[in-house]
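Trainee:
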Amino acid sequence: MANDFEKEFLDPERMPPSWPWRIFAFSLALLSLSIVFYLGLRLGYRSFLGTQIDDKDSEIAALAESVPVEEQRALIKFYSQLANLQEILNQHVIVAKVFPLLEKYTNKKVYHNGLNLNTKTREMVLDSVADSYEILAQQLEAFKQAPEVERLVINNSGVKDNKINFQLLLTLKESVLR
Amino acid sequence: MQQSTKRILSLLLTGVFFVAALVIYANLIRPEYKEIQKLRGSLIAKTNLFDEQKQIISQVQDLLAQYQGAAKLREVVSLALPLDENVSSLFQQLFTISQFNRVAIQSFALRTLAIQPSGLGTIQMELKLSGAYESIKAFLQMMETNVRVMDVSQLAAQSADPLKRQDLLSYSIIINSYYQQ
Chain A
1 MANDFEKEFL
11 DPERMPPSWP
21 WRIFAFSLAL
31 LSLSIVFYLG
41 LRLGYRSFLG
51 TQIDDKDSEI
61 AALAESVPVE
71 EQRALIKFYS
81 QLANLQEILN
91 QHVIVAKVFP
101 LLEKYTNKKV
111 YHNGLNLNTK
121 TREMVLDSVA
131 DSYEILAQQL
141 EAFKQAPEVE
151 RLVINNSGVK
161 DNKINFQLLL
171 TLKESVLR
Chain B
1001 MQQSTKRILS
1011 LLLTGVFFVA
1021 ALVIYANLIR
1031 PEYKEIQKLR
1041 GSLIAKTNLF
1051 DEQKQIISQV
1061 QDLLAQYQGA
1071 AKLREVVSLA
1081 LPLDENVSSL
1091 FQQLFTISQF
1101 NRVAIQSFAL
1111 RTLAIQPSGL
1121 GTIQMELKLS
1131 GAYESIKAFL
1141 QMMETNVRVM
1151 DVSQLAAQSA
1161 DPLKRQDLLS
1171 YSIIINSYYQ
1181 Q
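Note that the protein sequences, when read in sequence, are chains A and B. Per this note's numbering, the very first residue in the first sequence carries number 1; after that it's consecutive. Per this note's numbering, the very first residue in the second sequence carries number 1001; after that it's consecutive.
(1) Whose Cβ in chain A lies nearer than 8 angstroms to the Cβ of residue 1100 of chain B?
(2) Which residues, in order along the stretch 1044 to 1062 of chain B, keep a beta-carbon less than 8 angstroms from a beta-carbon of chain A?
(3) Exposed or buried, which one is residue 1014 of chain B when buried takes at least 16 other CB atoms within 10 Å?
(4) What's the C-alpha gap between residue 1076 of chain B and residue 1083 of chain B?
(5) Give me the subset of the stretch 1140 to 1162 of chain B whose CB atoms are less than 7 angstroms from a CB atom of chain A, sorted by chain position.
(6) Ordered along the chain, which non-local residues of its own chain (more than five positions away) have a Cβ less than 8 angstroms from that of residue 1049 of chain B?
(7) Please check the pair residue 111 of chain A and residue 128 of chain A, which I expect to be a contact at CB under 8 angstroms, by giving their CB distance rounded to whole angstroms.
(8) How long is the line joining the alpha carbons of residue 1058 of chain B and residue 62 of chain A, rounded to whole angstroms?
(9) To test your reading of the DSSP string, which unbroken alpha helix (DSSP H) runs of 4 or more residues are found completely within the stretch 61 to 129 of chain A?
(10) Should the stretch 108 to 124 of chain A be regarded as contacting the stretch 152 to 160 of chain A, the criterion being three or more beta carbon pairs within less than 8 angstroms?
(11) How would you label residue 1095 of chain B, buried or exposed, when you count the other beta carbons within 10 angstroms and need 16 or more for buried?
(12) Taking only three categories from DSSP, how would you classify residue 150 of chain A?
(13) Check the Cβ-Cβ distances between residue 1115 of chain B and every residue of chain A, and say whether any is below 8 angstroms.
(14) State yes or no: is the C-beta of residue 117 of chain A nearer than 7 angstroms to some heavy atom of the ligand MN?
(15) Need the endpoints of the alpha helix (DSSP H) that residue 1088 of chain B sits in, please.
(16) Just checking: is the beta-carbon of residue 1111 of chain B within a distance shorter than 8 angstroms of some beta-carbon in chain A?
(17) Is there contact here, the stretch 1023 to 1038 of chain B with the stretch 1001 to 1009 of chain B, by at least three beta-carbon pairs under 8 angstroms?
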């Protein structure tokens, strides 16, 4: 058996003279190449990348320091002040606009004793006095027809000293107070 | 050493070298390559961050230049929305408006509400006033167009004497004014 193997593979006369050495040299070159490649990655490229990352970190830190912190704070404060002011002005209500509205729609034979306005709900309660129920009906119709009034409710009414006392709840349209 | 022994030895060494090369690839090169991919990713991310920051900083510097040149605007904005509560100035403004319109301040109460996350603070004032209808109307008009922003949150008005139907009215007003924290 051993003789057969020797004859087949190790007999110098039957073997091409150079191939085992070529394979040996190739494997050695492959091993050397893999070692060199690994060392190149580990010692060369990796440390190069590490240095690059450190440089970028320092550049980022230097960039952040290029604007003084105090100035950054002042700028941020000013911009939030502007944003807040814009929001406040967008929601700013002008209650004084209610008076011309009342003057326009109040019947001449009606007077208001009390007014209660909530700008958030846009609800206005009026405690009023009319000369008669006919005048009250006219007053209700006037408010009902008013385009500025979204909703009208009569809370109560009663006769006192020959006058009609009544309470109205008016819900104003959003545009009235803007 | 016989020629055949040398050949066997060289074949064995060839095998060992192949195996060693494979071991180096599997155990050293591949993990190292993964690590390097991570580092490259990190470098790319930091480079992008740096570029973005550079752009932002350049914009911030432009804004700062504008901000420093807009002293008048800052002044006006600070009058409408001051950088502190400045209650004395607020009261002074209300008092001046009331005097100008011949409205009497009967009482004045004040409280500060919680500051919003945006840094907006609110001062809530409750005023009891008395005056003629036209005076109160003018007072409200002037107050609502005052440079320091004031919003009426609630308004209650009553005739001072309903039976006599006098022009004198008493008012209760809740006003919100603001400041930047």
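Where a beta carbon is used, it is the ideal one built from N, C-alpha and C, also for glycine. Computed from a predicted model, the values in this text were never measured in an experiment.
Mentor: A quick look at the data gives this:
(1) Within 8 angstroms Cβ-Cβ: nothing; residue 1100 of chain B doesn't reach chain A, min ~15 angstroms.
(2) 1046, 1047, 1049, 1050, 1053, 1054, 1057, 1060 and 1061
(3) buried
(4) 12 angstroms
(5) So the list reads 1140, 1141, 1144, 1149, 1151, 1152, 1153, 1154, 1155, 1156, 1157, 1158, 1159 and 1162, given in the order they occur along the chain.
(6) none
(7) In this structure residue 111 of chain A touches residue 128 of chain A by the C-beta definition: roughly 7 angstroms separates them, less than 8 angstroms.
(8) In this structure, the straight-line span from the alpha carbon of residue 1058 of chain B to that of residue 62 of chain A is close to 13 angstroms.
(9) Runs of the alpha helix (DSSP H) inside the stretch 61 to 129 of chain A: 69 to 90 and 98 to 105.
(10) no
(11) exposed
(12) strand
(13) no
(14) What this structure holds is no ligand at all, so the ligand MN is not there to describe.
(15) 1087 to 1100
(16) Output row for residue 1111 of chain B: interface = no.
(17) The stretch 1023 to 1038 of chain B vs the stretch 1001 to 1009 of chain B: no contact.
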